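*Asks:* Take a look at the following structure, please.
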Amino acid sequence: MPNCVVIRPSDANETRVAWKIAIERTNGPTLLIMARQNSKIIDRTVFASSENVRKGGYVLRDYGTPEIILMATGTEVDIAINAAEKLHKEGLGVRVVSLPSWELFSQQSDEYRESVLPRKIHARVSVEASSTMGWEKFIGDCGVAVGMHSFGASAPINKLYEKFGITSDKVVEAAHKSIENVKNW
1 MPNCVVIRPS DANETRVAWK IAIERTNGPT LLIMARQNSK IIDRTVFASS ENVRKGGYVL
61 RDYGTPEIIL MATGTEVDIA INAAEKLHKE GLGVRVVSLP SWELFSQQSD EYRESVLPRK
121 IHARVSVEAS STMGWEKFIG DCGVAVGMHS FGASAPINKL YEKFGITSDK VVEAAHKSIE
181 NVKNW
């Protein structure tokens with residue numbers, strides 16, 4: 001769809017900004033993709049401002065000096081945060097990136113995109129409760145995509161996350177696999 005922008009906010013704060021973007025845009029449709037389940041509100045005194053949604057993607061938080069990037073969209077951002085905390089306890093430096101709009105992110109300058117997803121960090125994991133198709137442009141050759149590889153199902157969200165392997169423990173496993181991929185690259 002020409003000039004279409006998709007935004008998949010992670011929480012109510014990102015939703016507020018996404019709604020404003022949708023109202024302000026006059027050059028094409030804006031699709032807000034919302035979760036059916038309740039989402040945890042991200043503490044913006046600890047994590048970056050939700051106003052950064054306007055850039056399509058942004059560093060939510062660095063846990064030490066980043067050695068690996070966990071990027072997510074929608075309510076899976078919370079899963080990435082939980083995985084980052086586990087990885088950081090293991091001694092790894094982790095960057096968590098909220099990437100609610102690929103279209104808006106691609107419109108940013110090369111310098112900005114590089115500041116969020118530095119090319120020198122090859123260990124990367126994407127997290128989305130949807131198809132993993134398309135994430136390869138962000139995770140690169142050594143990255144691992146955590147997401148759907150089959151048709152969905154109907155059940156409470158936590159059961160579905162477990163069934164399809166979209167959990168913080170699976171993201172931690174994927175992170176270790178990506179780090180190993182970098183070593184073998």
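Going by the UniProt record's numbering, 52 is the number at position 52 of the sequence shown; the sequence numbering is gapless.
By construction, the Cβ of each residue, glycine as well, lies at the ideal position given by its N, Cα and C atoms.
Everything numeric in this text was worked out from a predicted model, so none of it was measured.
At 4 residues or longer, what runs of the alpha helix (DSSP H) sit wholly inside the segment 72–122?
*Replies:* Here the runs fully enclosed are 76–89, 102–106 and 110–116.
*Asks:* Under 7 Å Cβ to Cβ from Y112, same chain only, skipping five residues before and after it: list those, please.
*Replies:* Result list for Y112: K55, in chain order.
*Asks:* Have a look at V146 and F105 and give me their C-alpha separation to the nearest angstrom.
*Replies:* Spanning the two alpha carbons is a distance of roughly 20 Å.
*Asks:* How about I33 and R8: are their beta carbons less than 8 Å apart?
*Replies:* Yes. Within cutoff.
*Asks:* Kindly give me the distance between the Cβ atoms of S39 and D11, rounded to whole angstroms, as I take these residues to be in contact under 8 Å.
*Replies:* Yes, they are in contact, since the Cβ atoms of S39 and D11 sit about 5 Å apart, within 8 Å.
*Asks:* Ordered along the chain, which non-local residues of its own chain (more than five positions away) have a Cβ less than 8 Å from that of S170?
*Replies:* Here the sequence assigns Lys to residue 170, which means Ser is not the residue at that position. Only V146 meet the Cβ criterion.
*Asks:* For E67 and W19, I'd like the C-alpha separation in whole angstroms.
*Replies:* Answer to the nearest angstrom: the Cα atoms are 34 Å apart.
*Asks:* Can you give me the C-alpha to C-alpha distance between E136 and I23, rounded to a whole angstrom?
*Replies:* Taking the straight line from one Cα to the other gives about 31 Å.
*Asks:* To which residues of the same chain is R16 closer than 8 Å at the C-beta, ignoring the five residues directly before and after it?
*Replies:* Closer than 8 Å at Cβ, skipping near neighbours: S50.
*Asks:* Taking all protein chains shown into account, decide if P100 is buried (16 or more other Cβ within 10 angstroms of its Cβ) or exposed.
*Replies:* Its Cβ being crowded by 16 or more others within 10 Å, P100 is buried.
*Asks:* What did DSSP end up calling A129 once you bin it into helix, strand or coil?
*Replies:* Strand, per DSSP.
*Asks:* Let me confirm a value: S150 is counted as buried when at least 16 other C-beta atoms fall within 10 Å, else exposed. Which label applies?
*Replies:* With fewer than 16 other Cβ atoms within 10 Å, it is exposed.
*Asks:* Would you tell me roughly how many angstroms separate the C-alpha atoms of M71 and A155, rounded to the nearest one?
*Replies:* If I take the Cα positions, the gap works out to 25 Å.
*Asks:* Which residue spans inside the UniProt domain "Transketolase-like pyrimidine-binding" (1–39) form an unbroken alpha helix (DSSP H) run of at least 4?
*Replies:* For the UniProt domain "Transketolase-like pyrimidine-binding" (1–39), whole alpha helix (DSSP H) runs of length 4 or above, ordered along the chain, are 12–24.
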